[in-house]
Structure formats: structure tokens, C-alpha cells
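8 is the number of the first residue of the sequence shown in the numbering used here; add one for each residue after it. Idealized CB from N, CA, C, for every residue including glycine.
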Amino acid sequence: MASQPVTWNSVSKSARGLLTTMQHTLTVFGLSAVAVLALLYMNPDAAKKVSELLHPEAAAPAATPAPVVAAAPAQPVAQAVAVDQAEDIKDAKLLGTAKQQQNVTSWLAKRYRVAGDAANMLVSTAYMTAHEIKLDPLLILAVMAIESGLNPFAESPMGAKGLMQVMAKVHHDKFEQVGGAEAALNPVANIRVGAQILKDYVKRTGSVEGGLKTYVGAADFESDSGYGAKVLAEYNRLKQVARGKYVPTRTPPAPAQMVVKETAPATPAVKAGDAVVAETKSEALANL
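Next comes the structure, spelled out in C-alpha cells:
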């Protein structure tokens with residue numbers, strides 16, 4: 008049999024038949040997919056099973072409970088957060104609020120007759136220094152007030168200089184960090200060095216009272232001649248001022264104590280020495 012020649016018409020018919028077959032096949036697959044999607048939509052359990060079959064690696068972690076080991080570091084983390092919060096509260100207390108600093112500045116300016124801008128600079132420096140070395144700023148200001156009356160150029164016959172009356176010759180090593188001994192009359196440098204010395208003494212003695220006694224140079228003596236009491240009294244006044252309470256800028260003098268002397272009985276003779284001792288004890292009790 009002779010082979011029939013291939014014509015354009017036969018090729019065209021074959022192509023059209025192939026396309027028709029593909030269209031029918033795609034239509035069947037499309038309808039089947041729509042039917043499956045409709046079935047999965049109507050049956051969530053079946054959809055979940057199909058999803059697990061298609062993605063077994065994603066379903067496995069979801070089914071497994073979270074490991075208990077991950078929760079173990081929760082306590083140390085909580086403790087660290089608590090410590091950080093405590094440090095933040097302490098730092099905030101040392102820095103104080105703007106209102107507290109304003110109250111302290113205004114009161115000190117009136118009490119020691121210092122210009123407002125100068126008092127503001129001294130108070131700000133005291134607060135910033137206290138924040139850096141972890142010391143109460145009001146204690147620093149109380150020492151400044153008693154030592155120099157907030158006079159940055161004060162100088163004692165013994166060579167103590169500046170706001171906190173620091174002995175530059177004795178503490179020359181600390182002044183090296185702020186410009187040398189010549190910076191003793193620099194208010195900022197004097198506050199920083201004096202506050203650091205006070206902090207060291209308080210830490211060494213274990214108390215504010217002991218630190219003040221050492222600061223004034225009375226560590227080897229029984230008494231500091233009332234220096235610590237003066238500083239602490241000013242410190243307590245500053246704490247009240249910072250809280251917004253009214254505190255007079257002029258401290259009234261202590262009222263004179265009247266000592267009532269008892270008349271000695273006529274019968275026993277009283278020696279002169281015994282009379283002096285009795286009078287001294289009466290005065291001490293009256294001053295309590």
C-alpha cells in the first residue's frame with residue numbers, strides 16, 4: 008500500500024484533537040479539585056488529616072509539648088530583672104526629681120545667700136556626683152554647707168580649700184584625675200574629690216557618723232567637737248526641704264537652759280568639790 012502524503016489539513020485536525028483532549032482532561036481535574044476542596048471545607052477533620060499527610064514536619068512540633076528545660080532559666084532571669092529594677096530605683100533616688108532639686112536649690116540659696124544660678128550649679132553637680140559614686144547628694148550638700156557655707160573660695164589656716172574643705176596636699180592623688188592640686192578651688196573638682204573622700208571614709212568606718220568623724224580629722228580623738236551632729240542636722244533639714252516641707256532658712260539659736268540649784272541641807276557640810284560635781288550633773292541632765 009502506498010503511504011498517504013502528510014498534508015496541512017491532516018496536521019491541523021490532529022492538533023485540534025489533541026487540544027480538545029487536553030481541555031477535557033483539565034476540566035476533569037479542575038472539577039475534581041473543586042470537589043475535593045469543597046469536601047475539605049465541609050469536613051475540617053479531613054482537612055487536618057490531609058494537612059498532616061502533606062506537611063508531617065510542621066505537624067510534629069505542634070503536637071509535641073514545649074520542653075520543660077526552657078523554663079528553667081526563668082528564676083535567674085527574674086532575679087536579674089529584680090536586681091536591675093532595684094538599681095534603677097536607687098539611681099532614681101540619688102538623682103532625685105527636678106522638683107526636689109529645685110526645692111533644695113532655692114532653700115540653700117536663701118540660707119547661705121548664694122546667687123540662684125550658682126546654687127543651681129552646685130546642687131546639680133552634687134546630685135550628678137552622688138549618682139556616680141552612689142552616695143546621698145543631700146549628705147554631700149550638708150558637708151559643703153557646714154564646711155564652707157557654699158563658698159567655693161573658702162580656705163582654712165590648715166590649708167583646706169574649697170566647698171568641701173579638702174586638703175589638696177594630702178589628697179593630691181585624687182586631684183590628679185581632675186587637673187591637679189591647682190583644681191582644689193574649682194567647684195566641680197572640689198565636690199567630686201571631697202565626695203569621693205567622704206564615700207571612702209563612710210565605707211571604711213561602716214557608718215556615716217564614723218565617716219564624718221574621719222573626714223573632719225578627728226578619727227583618733229574621742230569626740231569630733233560636734234561636727235558630725237551639725238552635718239547630720241543640716242542633712243535632716245535638707246531631706247525635709249526636698250520633700251517639700253517648710254523649713255526656716257534661719258536656724259534659731261538653742262534656748263538657754265535654766266539650771267535649778269537645790270539648796271543643800273544645813274546639817275551635813277558640803278565640800279566645794281562635791282558642789283561643783285553636783286552642778287555639772289544638773290547641767291548635763293538639763294541639756295538632754
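Reduced DSSP secondary structure (H/G/I, E/B, other) of residue i
i: V223; result: coil
i: V195; result: helix
i: V238; result: helix
i: L26; result: helix
i: V177; result: coil
i: S21; result: helix
i: K206; result: helix
i: R250; result: coil
i: R257; result: coil
i: L245; result: helix
i: G233; result: coil
i: G186; result: coil
Where residue i falls, given that 16 or more other Cβ within 10 Å makes a residue buried
i: S155; result: buried
i: N197; result: buried
i: K220; result: buried
i: Y253; result: exposed
i: G123; result: exposed
i: Q184; result: exposed
i: A137; result: buried
i: A175; result: buried
i: D231; result: buried
Contact check, residue i vs residue j, beta carbons under 7 Å
i: L192; j: G166; result: no
i: V150; j: V130; result: no
i: P144; j: A126; result: no
i: E216; j: G235; result: yes
i: H179; j: A188; result: yes
i: Y222; j: L205; result: yes
i: L1; j: A202; result: Past the boundaries of the shown model lies residue 1; the chain is included only from 8 to 295, so the question cannot be answered.
i: R120; j: T256; result: no
i: E241; j: I153; result: yes
i: Q109; j: A249; result: no
i: P194; j: P164; result: no
i: V200; j: V177; result: no
Close-in-space but distant-in-sequence residues of the same chain around residue i (CB under 6 Å, 5 per side omitted)
i: P208; result: It is Tyr, not Pro, that sits at residue 208 in the sequence shown. For Y208, where only same-chain residues beyond five positions count, the Cβ hits under 6 Å are G218, T221, Y222.
i: A161; result: S155
Own chain residues within Cβ distance below 7 Å of residue i, not counting five before or after
i: T212; result: G218, T221
Q. Mind pulling the alpha helix (DSSP H) runs of 4 or more residues that sit fully within the segment 87–170?
A. 105–118, 123–140, 144–155
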